[in-house]
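According to this note's numbering, the residues represented by the sequence shown are 10 to 313, in order. Structure first, then comments.
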Amino acid sequence: GRIWMARTDGRSSPVPVTTFPISVAQDPALSADGSRIAFALGPGAGERGAVYTVAIDGSALHAVYAPPTLNVNGVASASGFAAPSAGSLITAYGLNLSTQELVEAKTFPLPPVLAGVNLLANGQPLPLLAVTPWQINAQLPQEAPEATATFQARFADGSTTPPVTAQVKSIAPAVFFYAASTAPGVVYWQAAAYHAGTAVPADAAHPAQAGDFLEIYGTGLGLTNPRVPAGAAAPASPPAVTVVSPQVLIGDRPADVLFSGLAPGLAGVYQVNVVVPGGLSPGLHPIRWLVGTAGESSASIAVR
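Structure follows, in structure tokens:
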């Protein structure tokens, strides 16, 4: 609820200090002269983090914003926390990166600046998908070398965040996923795997069976032929096919791969089409893209 202030001697009525409908104020401190109170207030979803000060009479509410920063070890694949990799979608996590709740790119090619913010990799701006106060979503070029890269956010006034580093891989396969449920209160990570030609996921309500064709979406599969510039929508004809095709495991069973490449009309999103193998028991099974030993997954599909 809202934060209220009142004198402990009972000589005043409670005064509302904030207008926030929900408050997680904590760590209050009284100034040395007793005239002001400072407290930490957790931001709502999509808002900037701040420390608020307020006069003892409830007036002069003032927000003090921490300087924008990127988190140490805060640059990762946009799917889970796999390493950033050449051609992949990445997320840079931080604090107070924007004053706006969410700004998204609306057209292709993706722009290098959104809400007055750039994300720099080794000093070069990356194409951006979205900017919030807490993260920046971007795409690395396929030409990015396998090496340690330096990342910074740059703002309209020319200022930058302190640099952070991340190890960029040539390939770091990662399937996209989202929260789903098998029953009320039972949540699992559903892979972005859809019955071919539909928008119907292979989830608990629409399980796959042996012989079904699935389209699986993720990132981190590296170079394609032809190469597609970072930020550009992938072509449909001919499609951009991955130079290295991943092995796909559903549970412990390999699935036949029919196509591996960039999803047409999207930037940095890879699509792998497979046939569901036989021999799987009914229920949820993890799904993984593997290239050599590289490949992570926290996601599952449902099989009947």
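From the three backbone atoms N, C-alpha and C, an ideal C-beta is built for every residue, glycine too.
Closest residue to residue i among the options (Cα-Cα distance)
i: PRO291; options: ILE259, GLY301 and LEU275; result: ILE259
i: SER86; options: LEU123, PRO182, GLN151 and THR170; result: PRO182
i: GLU305; options: PHE268, VAL312 and ARG297; result: ARG297
i: GLU110; options: LEU232, ALA95, LEU123 and THR116; result: LEU123
i: VAL173; options: ALA245, LEU79, ARG262 and VAL209; result: LEU79
i: PRO171; options: GLY103, LEU267, SER269 and VAL253; result: GLY103
i: VAL285; options: THR157, GLY277, ASP261 and LEU299; result: ASP261
i: GLY83; options: SER246, ALA162 and GLU113; result: ALA162
i: GLY274; options: THR251, VAL257 and GLY240; result: GLY240
Contact belief for residue i with residue j at Cβ below 8 Å, rounded distance in angstroms
i: PHE5; j: GLY227; result: Residue 5 lies beyond the residue range present for the chain, which begins at 10 and ends at 313; the question has no answer from this structure.
i: PRO142; j: ASN105; result: 6 Å
i: LEU137; j: PRO118; result: Not confirmed; about 11 Å, so no contact.
i: HIS204; j: ALA217; result: 7 Å
i: ALA308; j: ALA200; result: 4 Å
Identity of the residues DSSP links to residue i by a beta bridge
i: ARG313; result: None, per the DSSP bridge assignment.
i: SER269; result: VAL281
i: PHE160; result: ALA130 and VAL173
i: LEU79; result: GLY103
i: ALA264; result: VAL257
i: THR251; result: THR233
i: PRO295; result: SER309
Buried versus exposed, by CB contacts within 10 Å (16 or more), residue i
i: GLU152; result: exposed
i: GLN280; result: buried
i: VAL208; result: Correcting the residue identity first, residue 208 is Ala in this sequence and not Val. By the neighbour-count rule (16 or more Cβ atoms within 10 Å), ALA208 is not buried but exposed.
i: GLU224; result: buried
i: GLY132; result: exposed
i: ASN234; result: exposed
i: GLN176; result: exposed
Can you give, in chain order, each stretch of the alpha helix (DSSP H) that sits fully within the segment 164-246 and has at least 4 residues? Counting only runs of 4 or more, we get nothing.
Which full runs of the beta strand (DSSP E) of 3+ residues lie inside the segment 98-152, going along the chain? Qualifying beta strand (DSSP E) stretches, in chain order: 98-104, 126-130, 137-140 and 144-148.
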